[in-house]
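Read through the structure below, which is laid out as structure tokens, and then see the notes.
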Amino acid sequence: MIHLKNVYKTYGRYSKVLQGINLDIKPGEFVSIVGQSGAGKTTLVKILIGEERVDDGSVTIGGWDITRLSRREVPFLRRQIGVIFQDFKLLPRKTLAENIAFALEVSGGTNSKIKRIVPSVLKIVGLEDKANRYPGEISGGEAQRVAIARALVHQPKILLADEPTGNLDTINADEIIDLLLRINRFGTTIILVTHNREIVNRLNRRVVAMEHGSIISDQAHGKYIL
Ligand SMILES: Nc1ncnc2c1ncn2[C@@H]1O[C@H](COP(=O)(O)OP(=O)(O)OP(=O)(O)O)[C@@H](O)[C@H]1O
Ligand SMILES: [Mg+2]
42 MIHLKNVYKT YGRYSKVLQG INLDIKPGEF VSIVGQSGAG KTTLVKILIG
92 EERVDDGSVT IGGWDITRLS RREVPFLRRQ IGVIFQDFKL LPRKTLAENI
142 AFALEVSGGT NSKIKRIVPS VLKIVGLEDK ANRYPGEISG GEAQRVAIAR
192 ALVHQPKILL ADEPTGNLDT INADEIIDLL LRINRFGTTI ILVTHNREIV
242 NRLNRRVVAM EHGSIISDQA HGKYIL
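Quick note on numbering: our numbering labels position 26 of the sequence shown as 67, and the sequence is numbered without any gaps.
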């Protein structure tokens, strides 16, 4: 489903960030990507959501070559790939339900679709009773669950999570991982970027380790090796 071939990426003239990445991810996989700070993990995520272009090599998702995506095509890609970040990125002046609705509004979702989808994704993350709260009135773990709900509005085939537990304590982090596992069981491919050794070891799933822009190991039932 996701296919990267000989991907190179440089920022500006000097920093070589990805140096020949080859990676295949099948539908329904749960893959952790680990590596030290600066290894190029977030750059890889940005390439997959069309936020950065590669210098060389090719990237295809579901047979769609996104290597030279035009600006006009980016929103179409975003509807197929949900993404969550360490810092949640919720809008503080909108309620949780409005934050989620907003993701549908910007892509032209109808009112009836919004009325149908918002409660259903809030239910998946177990926050239907807090729909009318504001981001300032919930915990970090809950905020990340809202971000996950928002990432699910277009029923993406792929969910990218870049350090989703970086701002959470162990209990909340475990809850987020359990939620990702549940979403994965429904068939969504999950790509989890993480520094968290305990989480990676507990998952016992595929682990791709990066170092200086290269993949240095790729194990089906991997441990955190760095
Ligand atoms: N917009 C940018 N312009 C120039 N250099 C950048 C830019 N974004 C990232 N870099 C550099 O590219 C390298 C890889 O960055 P990236 O964010 O992909 O690393 P990462 O593996 O996600 O690290 P971390 O674990 O700290 O999040 C780093 O050396 C970083 O300084
Ligand atoms: Mg990063």
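Where is the CB? At the ideal position from N, CA and C, for every residue including glycine.
- Of the other Cβ atoms in all chains shown, 16 or more fall within 10 Å of the Cβ of Q185; this residue is therefore buried.
- Note on the stretch 121 to 176: whole beta strand (DSSP E) runs with a minimum of 3 residues are 122 to 126, in chain order.
- In the structure shown, the three-state DSSP call for Q196 is coil.
- The DSSP-derived three-state label of T84 is helix.
- Spanning the alpha carbons of Q196 and I122 requires a straight line of approximately 9 Å.
- When distances are taken from the beta-carbon of Y175 to the heavy atoms of ligand 1, even the shortest one reaches 7 Å or more.
- I107: not part of any alpha helix (DSSP H); DSSP gives it neither H nor E.
- Short note on A80: C-beta closer than 7 Å to some heavy atom of ligand 1.
- Within the stretch 205 to 255, the runs of alpha helix (DSSP H) that reach at least 4 residues and sit entirely inside it are, in chain order, 211 to 226, 238 to 244.
- G207 and V187 have their C-alpha atoms spaced approximately 16 Å apart.
- Around the Cβ of G263, a 10 Å sphere holds 16 or more other Cβ atoms; the residue is buried.
- Listed as beta-bridge partners of I266 by DSSP are no residues whatsoever.
- Boundaries of the beta strand (DSSP E) around D65: 56 to 66.
- Nearest to F129 by alpha-carbon distance, out of G181, A142, V166, is G181.
- In the displayed model, I189 falls within a helix according to three-state DSSP.
- Secondary structure of G182 (DSSP, three-state): helix.
- Here V115 carries a helix assignment [DSSP, helix/strand/coil].
- Q260 is bridged by DSSP to V248.
- Taking a 10 Å sphere around the C-beta of A261, we find fewer than 16 other C-beta atoms and assign the residue as exposed.
- The beta carbon of T83 sits closer than 7 Å to at least one heavy atom of ligand 2.
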